Structure formats: structure tokens, C-alpha cells
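Chains A and B, in that order, are what the protein sequence lines are.
Residues in the first sequence are numbered consecutively from 10, following this note's numbering.
Residues in the second sequence are numbered consecutively from 10, following this note's numbering.
All residues carry an ideal CB built from backbone N, CA and C; glycine is no exception.
Bear in mind the structure is a predicted one, so any value in this text is a computation, not a measurement.
There are 2 protein chains.
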Amino acid sequence: MDQAIKTYGSIEKLPEIGKNEVLFLCVIASTLTSRRPGLTGAGATPELTDYTPAADVELIVNGEPTCLPEIPQTIVDGAIAPTPAVITKAALELADIPFLVADAGAAVKPKLPYIKINDKPGSDITTGQAVSNPEFIFQQGKIMGKLLSRLTHHIFIGESTPAGTTTALGVLQALGYDAWGKVSGSTPENPHHLKQELVERGLKAAGIHGQKLQDPFQAVQAVGDPMIPAVAGIAAGSKVPVTLAGGTQMTAVCALLKAVDPEFLFDDLTIATTSFVARDETSDINYLTGQIDDITIFAVDPFFEKSENDGLKNYLNGSVKEGVGAGGAMLAALLRGLPMNDVRARIEKLCGEIF
Amino acid sequence: MDQAIKTYGSIEKLPEIGKNEVLFLCVIASTLTSRRPGLTGAGATPELTDYTPAADVELIVNGEPTCLPEIPQTIVDGAIAPTPAVITKAALELADIPFLVADAGAAVKPKLPYIKINDKPGSDITTGQAVSNPEFIFQQGKIMGKLLSRLTHHIFIGESTPAGTTTALGVLQALGYDAWGKVSGSTPENPHHLKQELVERGLKAAGIHGQKLQDPFQAVQAVGDPMIPAVAGIAAGSKVPVTLAGGTQMTAVCALLKAVDPEFLFDDLTIATTSFVARDETSDINYLTGQIDDITIFAVDPFFEKSENDGLKNYLNGSVKEGVGAGGAMLAALLRGLPMNDVRARIEKLCGEIF
Numbered sequence: 010m011d012q013a014i015k016t017y018g019s020i021e022k023l024p025e026i027g028k029n030e031v032l033f034l035c036v037i038a039s040t041l042t043s044r045r046p047g048l049t050g051a052g053a054t055p056e057l058t059d060y061t062p063a064a065d066v067e068l069i070v071n072g073e074p075t076c077l078p079e080i081p082q083t084i085v086d087g088a089i090a091p092t093p094a095v096i097t098k099a100a101l102e103l104a105d106i107p108f109l110v111a112d113a114g115a116a117v118k119p120k121l122p123y124i125k126i127n128d129k130p131g132s133d134i135t136t137g138q139a140v141s142n143p144e145f146i147f148q149q150g151k152i153m154g155k156l157l158s159r160l161t162h163h164i165f166i167g168e169s170t171p172a173g174t175t176t177a178l179g180v181l182q183a184l185g186y187d188a189w190g191k192v193s194g195s196t197p198e199n200p201h202h203l204k205q206e207l208v209e210r211g212l213k214a215a216g217i218h219g220q221k222l223q224d225p226f227q228a229v230q231a232v233g234d235p236m237i238p239a240v241a242g243i244a245a246g247s248k249v250p251v252t253l254a255g256g257t258q259m260t261a262v263c264a265l266l267k268a269v270d271p272e273f274l275f276d277d278l279t280i281a282t283t284s285f286v287a288r289d290e291t292s293d294i295n296y297l298t299g300q301i302d303d304i305t306i307f308a309v310d311p312f313f314e315k316s317e318n319d320g321l322k323n324y325l326n327g328s329v330k331e332g333v334g335a336g337g338a339m340l341a342a343l344l345r346g347l348p349m350n351d352v353r354a355r356i357e358k359l360c361g362e363i364f
Numbered sequence: 010m011d012q013a014i015k016t017y018g019s020i021e022k023l024p025e026i027g028k029n030e031v032l033f034l035c036v037i038a039s040t041l042t043s044r045r046p047g048l049t050g051a052g053a054t055p056e057l058t059d060y061t062p063a064a065d066v067e068l069i070v071n072g073e074p075t076c077l078p079e080i081p082q083t084i085v086d087g088a089i090a091p092t093p094a095v096i097t098k099a100a101l102e103l104a105d106i107p108f109l110v111a112d113a114g115a116a117v118k119p120k121l122p123y124i125k126i127n128d129k130p131g132s133d134i135t136t137g138q139a140v141s142n143p144e145f146i147f148q149q150g151k152i153m154g155k156l157l158s159r160l161t162h163h164i165f166i167g168e169s170t171p172a173g174t175t176t177a178l179g180v181l182q183a184l185g186y187d188a189w190g191k192v193s194g195s196t197p198e199n200p201h202h203l204k205q206e207l208v209e210r211g212l213k214a215a216g217i218h219g220q221k222l223q224d225p226f227q228a229v230q231a232v233g234d235p236m237i238p239a240v241a242g243i244a245a246g247s248k249v250p251v252t253l254a255g256g257t258q259m260t261a262v263c264a265l266l267k268a269v270d271p272e273f274l275f276d277d278l279t280i281a282t283t284s285f286v287a288r289d290e291t292s293d294i295n296y297l298t299g300q301i302d303d304i305t306i307f308a309v310d311p312f313f314e315k316s317e318n319d320g321l322k323n324y325l326n327g328s329v330k331e332g333v334g335a336g337g338a339m340l341a342a343l344l345r346g347l348p349m350n351d352v353r354a355r356i357e358k359l360c361g362e363i364f
């Protein structure tokens, strides 16, 4: 096993990936929750977080964002870290892995062809009415998962959803899990207090605080985001193995899958993330999955300490950590036989070209 | 060669299709031209033609149309013929061929996940401003063709575009071809006079009658439909062989491809249609392609004279003829080794179930 890959969970073996056998899908979505100051680093200002998902996938497909004059970056205390989309782009291009975009409800739509699963973005979760049609989104995702799984042997699913760890926290709590203080975040200092406050206000507004839900989609409807039911639906509909390429947000996807179908088999589903999430002292992805089921997690370390790029080095201080399926994209590249040094060199080259 | 397949053109060999090697894509679009009475049979009334593309693909993916209470049928002088979507659905399901939908600008959007290439439907061609952004649609199609061709070995592209032979006539004439009276149609009596009148009015309104166009996209912009640049773009972007599954409308796609790139190689591009189009005495697909390039046409005969279904028998009288890639879907099934008798039996079974 490549030393860059660490495994957490019950299954020891890594998925096998041959040439032309993988499809990487990035699901984009927004909620108005990301407009709250201090919650997310996925955009230079809270207002600009509306553009981040579209700009991320435009960067990957078109080589530059067309909806924004600038590439998304995370800026905390003057330290700038590039969007994880550069990691995803570099890894997928080097490994020659096909990439598709699906819209689950992004506020700004990308200027490229994409799969439309749902149009409407989510609201602020404090309304307790964050997503108006989660079951429809899940069913659309399920149809798409079934269709796409006929075109590949393995689907990797990344996401770009600003403030997505807050909405993931909401769904996990609403489904009865102990998730306070356990979700990750895109800034070095994880604003757990603010996240908990927003989720509690949302749960209270929805009138579902503390009790067992009759319908699991109520959790998403009240305090979730459109990405969660879309990705859960794709995973539920797929006939081939699925790797959820993301951090603690993907545990909310697993929680929804389990709630919709208590017999759901996690044998053919894994989570792939970065070492920045796996080692994050402000969150605990293993504690979250441990409550849900026997779910294997792969964590990939790009060894950015070996890099001379200051933006990438800021990942080591807790900026960004994960997103746009960066960890999963690197895993796919490693499983295609590429050494991490080559993947990192490509990421550095891309950073040099576009920033 | 299966006796149901006839070949017209220079290439004698049929494409080879293995299991899991084909993707069938249906591109849907509308123009207000289809609201003109007497022009098309693709809908019970001119107004209902807005729903036909969405209902067709909903029937194929979901088993029933959700946007309409009824399955689209062609009714001429009391004779009812089912939408060709039933042929496509039966052939693809029997042959286990994956199916995706792309929207190039349908008036009514289907209730299923689809690839969004373009949103806005076209106007009535007599305005001389039928499609507002044909080059953008072509470029989006090109990106999608490149992406999709990484997931399969061969792309079949069908279409559902009511009144599409009229807009195809417009594009062919605007690009300098002799197409008057040569395009096919969905009714036994082909309203050539009306089609020519509408195209001439459109060309006149656009001020491009008779002269050589500086920009080939002007032809689509003036008197075309959004399907034509979308399908041409996908074909231009694809790195794998493409079969255009349709009748004379696909000759307009070929004409646009040739106009955009005079060096375009038609070696890896073929047209697959039905025997109803190939033998149609009111149109001449071979005459049209012959003016453009060395383009092979496959025509598939489902032998509906052997059927006891009255709706299918109406195809023998010139109703419907083709659409939703019916001819190409049958070709793909035959190339996967299925006998035409089995394909026809499945079509009849499906007609029995849904009508």
C-alpha cells in the first residue's frame, strides 16, 4: 500500500481500479447558510460563497472559472490557501480519469454542461426549512446513480457545498447521532459554537428537537443541504462500488442512507478523504462513522510539507482540509499506480499556472 | 448482415458493438415552429408538441410520462401511431444499452435527471431569429461529447424535436444545399409547401436568402433549432465513433459539422435510421447526404407488416417514420446479436402495456 494512504475501518483491501474503469462525479449545491459570516472559508467573502461551487467545477473542466473573475481561495488571517479543486483537477488529469458535474441546487450555475438533478438551492437552516424537496432529490439521484453505474465500474463522488459541514451537523443531529463538535471545517479554527447554535435554532424552528423522526427526509428538509440527498440517492441507485470523496459531510450522506434503508449494505461504499480531515483535532470522522455502520475510510496524505508552495503549505495549518473530492481524487490517482510525489508535483505546477 | 439492415453509402462494414460498449444519448429540443398547425404529427395538437420531447424521454426512463397525462401519439385522419419512443425503449432495454438524456432547449423539461447543454427553446423560424446562441450550444455540446466519449466506446445520438424536419430544411438551405422537398416528416402527407414557405419567410427575415454565409452558425440562428448545434457539438467533441440516430434531421447536423470544419472526417460518423425514412417517397435522405460528404447510412426495417398491432402498422402508411433515435436503437440491438423478431415482439409487448 502506498504510504500516503491510511485506512480506518474494517475492510483492509483497497478498491481495484483499472484504466477507464472509474468515473469521478462532483455534486454541487448551496444553502443560504453559507452567507453567515465566520462559518466557512469556501469563498473570499460570505456573498462570494454562492459562486464557489460553480467556479470550482469550471476550473476543473474549462481550466478557469468563468462565473467569477478569480479562482476561489480560502483566506484566514491573511494566509491564502487555494481551493481544493486544484488538487482534484491535478490528480484526475494526471490519472486520466473522466469527470462529470451534477447540480443538486447550486446558487450560481456553472458555464459548462452538467447533469441536472435539482435546480433550487437550500435556505438558511435557522428557518428549519432548509431544503424543500429532499425526497425528490434523492429519487432523482437514485435514477442517475443507476444510469451512471452502467457506464463505469466504480463511481467516485465529490462535492462542493459551502458551509456543508454545518448542514451535515444538522442532518446527523436530527437523525439522532452525537455530532456536536465532531464535524470538520474549512478554517483552522473550527467555529463549533456557531455551527451548533445555527443547527439548534433550525431544529427548534422545525419543531423536531430531540425526538425520533418519522421520515428521515425531514432531517434534510429542516437543517440539511441539497447535496446530501443527491449523493445518497446516487449511492443508493448505483449498481457498482461507490467511493464518497469527502470529509465529515459524507458521514451525513451515510447517515441518510442508513435512515432511508436500515438494511443498506456498506460493503460496496467507502469514504475517501485527506489526511487533513483524518488528523483534524477539531473534528472526529471516525467517531461519526462508528455510530452509523461499519464504514471504511481511506485518508490520503499529499505531503504538502515537502512543497515549496505557500498556499498548499497553509493546508498544514488547517486551512481548507478537503473539498471537491480532493482526497478521493488523489486516492484514485494512487490506485492507478501514480506515486504521490508525481501527484503533488502536478498540483504545484497547476497552482503556479493559475494563481 | 441481418436482413433487417440496409446500408447506403461507401462503408460496407457495420460498427462492432460489444457488451457495455455503447451509450445511447437522446437530445431534446423545441422551437415555436412546432405550434404551426399541419406541420408535425409529434403531438396530439400543436400546443401539445411542447410536451412531446419530455414525455418521450420520461417514457423511456420512468416507464410513463409524468409531464403529460397521455403517451405522445401521432393522429392523422383518425389513425393513431405510437411515439417512436416505444421502439427506442424496447430495443435499448432488450439489448441492455445505457440511456442518457440531454436538454438542448426543450420547452417543457422532463422530470428526470438529464444533462443540461442549453436551457432556452427556439423561436418560430419565420422570425429569422430561431436560436439565440447556436455557437454556445455547439461549444457546450463539444465539451460534453469529449467527456462522454471517455465513458464509452461508441455514442449513439437520437433526438426528439417536434417540427425538426422544417428546421433541418432551414439549416440545409441556409448552408447552400438543395433540400426543397427532400426532408422527411412525421405524417403520411409531407407538407413540403408549408415547410418551404416557413423557411423562405425565415431566410428573408434574416436577410440571408441566397447568399453564402460568413458564419455557419448564422444558418442555425436564423432558421434552425437548438438540437442541431448540440448534436453537432457532441459529435465534434467525441473521441469515439458516433452514430447519429435519426432521419433527414441528422443531415442538417452533418451539414453544420462540415460548415464549421470543412476538414471534418466522416469516417467515424454514420447515420442510422428506419426503413420508413430510407424508403420514404416524400423525401430523399441519400440525396441530402450525397451533397455533403461520403456519409454511410444504415436503415433498419422492423417488419411491422408482421405485427398485429394497428398502431405500429400505421408506420407502414407513413405515420411517424422515425424519432427519439428509433432506427439507431434497433440497429444497436441488432448489432448486439438480437434478432429483429425479438425486438419487434418487445415493441409490441410494450405497446400493449402502455397504451
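Considering only residues of the same chain and omitting the five flanking positions on each side of SER247(B), which have a CB-CB separation below 6 Å? Translated into the one-based positions of the second sequence, residue 247(B) becomes position 238. If we look at SER247(B) and ignore the five residues flanking it on each side, its Cβ neighbours are GLY154, SER158 and ILE164.
Quick check on DSSP: helix, strand or coil for LYS15(B)? One-based indexing of the second sequence puts residue 15(B) at position 6. The answer is strand: DSSP assigns LYS15(B) an E or B state.
What's the gap between the Cα of PRO107(A) and the Cα of ASN71(A)? The residue given as residue 107(A) occupies position 98 in the first sequence. The residue given as residue 71(A) occupies position 62 in the first sequence. Put simply, the backbone Cα of PRO107(A) is about 14 Å away from that of ASN71(A).
What is the rounded straight-line gap between the Cα of LEU297(A) and the Cα of ARG288(A)? Here residue 297(A) is taken as the residue at index 288 of the first sequence, counted from 1. Here residue 288(A) is taken as the residue at index 279 of the first sequence, counted from 1. Those two C-alpha atoms are separated by around 14 Å.
Status (buried if at least 16 other CB within 10 Å, exposed otherwise) for ASN326(A): Residue mapping note: residue 326(A) aligns to position 317 of the first sequence, counting from 1. ASN326(A) should be labelled exposed.
Where ILE304(A) falls: helix, strand or coil (DSSP): Numbered from 1 along the first sequence, position 295 holds the residue referred to as residue 304(A). ILE304(A) falls in the coil class under three-state DSSP.
Using the beta-carbon count (16 or more within 10 Å), is THR92(B) buried or exposed? Stepping through the second sequence from its first residue, residue 92(B) is reached at position 83. It counts as buried.
My output table needs one value for PRO250(B): the three-state DSSP class, helix, strand or coil. As a working mapping, residue 250(B) is identified with position 241 in the second sequence. The answer is coil: DSSP assigns PRO250(B) none of H, G, I, E or B.
Using a cut-off of 8 Å between C-beta atoms, extract the partners of ARG345(B) located in chain A. Taking the first residue of the second sequence as 1, we reach residue 345(B) at position 336. Going along chain A, no residue has its Cβ under 8 Å from ARG345(B), so there is no contact; the nearest lies around 14 Å.
With distances taken between CB atoms, is the gap from VAL311(B) to MET349(B) smaller than 9 Å? Indexing the second sequence from 1 puts residue 311(B) at position 302. Indexing the second sequence from 1 puts residue 349(B) at position 340. Per the sequence presented here, residue 311(B) reads as Pro, with Val not at that position. In this structure, PRO311(B) lies near MET349(B), with their beta-carbon atoms less than 9 Å apart.
To the nearest angstrom, how far is the alpha carbon of GLN223(A) from that of GLU144(B)? Counting from one through the first sequence, the residue named residue 223(A) turns up at place 214. Counting from one through the second sequence, the residue named residue 144(B) turns up at place 135. The straight-line gap from Cα to Cα measures roughly 50 Å.
Spatial neighbours of GLU73(A) within its chain, please: CB distance less than 8 Å, with the 5 preceding and 5 following residues excluded, ordered by chain position. Taking the first sequence and counting its residues from 1, the one referred to as residue 73(A) is at position 64. So the qualifying residues of the chain are GLU67, ILE80 and ILE363.
Tell me, please, whether the CB atom of ILE20(B) is closer than 9 Å to any CB atom in chain A? Indexing the second sequence from 1 puts residue 20(B) at position 11. Reliability of the predicted coordinates at ILE20(B) is poor, the pLDDT of 49 falling under 50, and no value is obtained from them.
Quick one: give me the first and last residue of the alpha helix (DSSP H) that CYS263(B) is part of. The sequence position of residue 263(B) within the second sequence is 254, counting from 1. Where CYS263(B) is concerned, the enclosing alpha helix (DSSP H) stretches over 258–269.
For ASP59(A), which three-state DSSP category applies? Counting from 1 along the first sequence, the entry for residue 59(A) is found at position 50. Looking at ASP59(A) - three-state DSSP - the assignment turns out to be helix.
ILE37(B) touches chain A at which residues, Cβ-Cβ below 7 Å? The residue you call residue 37(B) lines up with position 28 of the second sequence. Correct list: empty, because the minimum Cβ distance to chain A is about 13 Å.
Hey, is LEU109(A)'s beta-carbon within less than 9 Å of any beta-carbon in chain B? Mapped onto the first sequence, residue 109(A) falls at position 100. For LEU109(A), at least one C-beta of chain B is nearer than 9 Å to its own C-beta.
Taking contact to mean at least 3 C-beta pairs separated by less than 8 Å, is the region 124–133 of chain A in contact with the region 119–133 of chain B? yes
Would you kindly report the start and end of the unbroken beta strand (DSSP E) that includes VAL31(B)? By 1-based counting over the second sequence, the position of residue 31(B) is 22. Its beta strand (DSSP E) spans residues 31–38.
I need the DSSP call for ASP289(A), collapsed to helix, strand or coil. Indexing the first sequence from 1 puts residue 289(A) at position 280. ASP289(A): coil per DSSP, three-state reduction.
Per-residue contacts from VAL70(B) into chain A (C-beta, under 9 Å): In the second sequence, counting from the first residue as 1, residue 70(B) sits at position 61. Within chain A, the residues placing a beta-carbon under 9 Å from that of VAL70(B) are ILE152 and LEU156, ordered along the chain.
As an exercise, report each continuous alpha helix (DSSP H) stretch of at least 4 residues that is fully enclosed by the region 186–228 of chain A, in chain order. 201–215
Compare the C-beta of LEU265(A) with all C-beta atoms of chain B and state if any pair is closer than 9 Å. For the purposes of this step, residue 265(A) is taken as the residue at position 256 of the first sequence. Not closer than 9 Å to any Cβ of chain B, the Cβ of LEU265(A) fails to qualify, so no.
Write down the C-beta distance between ILE237(B) and VAL229(B) rounded to the nearest angstrom, noting that I regard them as a contact closer than 8 Å. By 1-based counting over the second sequence, the position of residue 237(B) is 228. By 1-based counting over the second sequence, the position of residue 229(B) is 220. Contact holds; Cβ gap of about 6 Å.
ALA161(A) bridges to which residues according to DSSP? Counting from one through the first sequence, the residue named residue 161(A) turns up at place 152. Checking the sequence shown, residue 161(A) turns out to be Thr, not Ala. Note: THR161(A) sits in no beta bridge, so no partner.
Rounded to whole angstroms, what's the CA-CA distance from ILE20(B) to LEU278(B)? Just pull it up for me. As a first step, residue 20(B) is located in the second sequence; it is residue number 11 there, counting from the start. As a first step, residue 278(B) is located in the second sequence; it is residue number 269 there, counting from the start. Low per-residue confidence applies at ILE20(B): pLDDT is 49, beneath 50, and the placement is therefore not dependable enough to give any value.
LYS125(A) versus chain B: which residues are under 7 Å apart at the beta carbon? Within the first sequence, numbered from 1, the residue matching residue 125(A) stands at position 116. Going along chain B in sequence order, the residues near LYS125(A) (Cβ under 7 Å) are PRO122, TYR123 and LYS125.
Nearest-angstrom Cβ-Cβ length linking ALA281(A) and GLY337(A), presumed shorter than 8 Å: Numbered from 1 along the first sequence, position 272 holds the residue referred to as residue 281(A). Numbered from 1 along the first sequence, position 328 holds the residue referred to as residue 337(A). With a contact defined as Cβ atoms closer than 8 Å, ALA281(A) and GLY337(A) qualify at about 4 Å.
GLN182(A) lies in the alpha helix (DSSP H); which residues open and close that run? For the purposes of this step, residue 182(A) is identified with residue 173 of the first sequence, where counting begins at 1. Start and end: 173–183.
Would you kindly check if the distance between the Cβ of ALA177(A) and the Cβ of GLY233(A) is under 9 Å? Reading the first sequence from its first residue, position 224 is the one you call residue 233(A). Reading the first sequence from its first residue, position 168 is the one you call residue 177(A). Remark: C-beta atoms of GLY233(A) and ALA177(A) approach each other more closely than 9 Å.
Integer Cβ distance of ALA214(A) from GLY137(A), believed to fall under 8 Å: Residue mapping note: residue 214(A) aligns to position 205 of the first sequence, counting from 1. Residue mapping note: residue 137(A) aligns to position 128 of the first sequence, counting from 1. Confirmed, about 3 Å.
Spatial distance of LYS15(B) from LEU77(B) (CA atoms): Against the second sequence, residue 15(B) aligns to sequence position 6. Against the second sequence, residue 77(B) aligns to sequence position 68. If you take the alpha carbons of LYS15(B) and LEU77(B), they lie about 36 Å apart.
Taking only the alpha-carbon atoms, compute the straight-line gap between ARG355(A) and LEU347(A) and give it to the nearest angstrom. Residue mapping note: residue 355(A) aligns to position 346 of the first sequence, counting from 1. Residue mapping note: residue 347(A) aligns to position 338 of the first sequence, counting from 1. Taking the straight line joining both Cα atoms gives about 11 Å.
Shorter than 9 Å from the beta carbon of ASP65(B) to some beta carbon of chain A? Taking the second sequence and counting its residues from 1, the one referred to as residue 65(B) is at position 56. No, no contact with chain A.
THR161(B) CB to nearest chain A CB: under 9 Å? Looking up residue 161(B) in the second sequence gives position 152. Closer than 9 Å: yes.
Return the Cβ separation of ILE294(B) and THR257(B) in integer angstroms, given the expectation that the two are a contact with Cβ distance under 8 Å. Along the second sequence, read from residue 1 onward, the residue named residue 294(B) stands at position 285. Along the second sequence, read from residue 1 onward, the residue named residue 257(B) stands at position 248. With a contact defined as Cβ atoms closer than 8 Å, ILE294(B) and THR257(B) qualify at about 5 Å.
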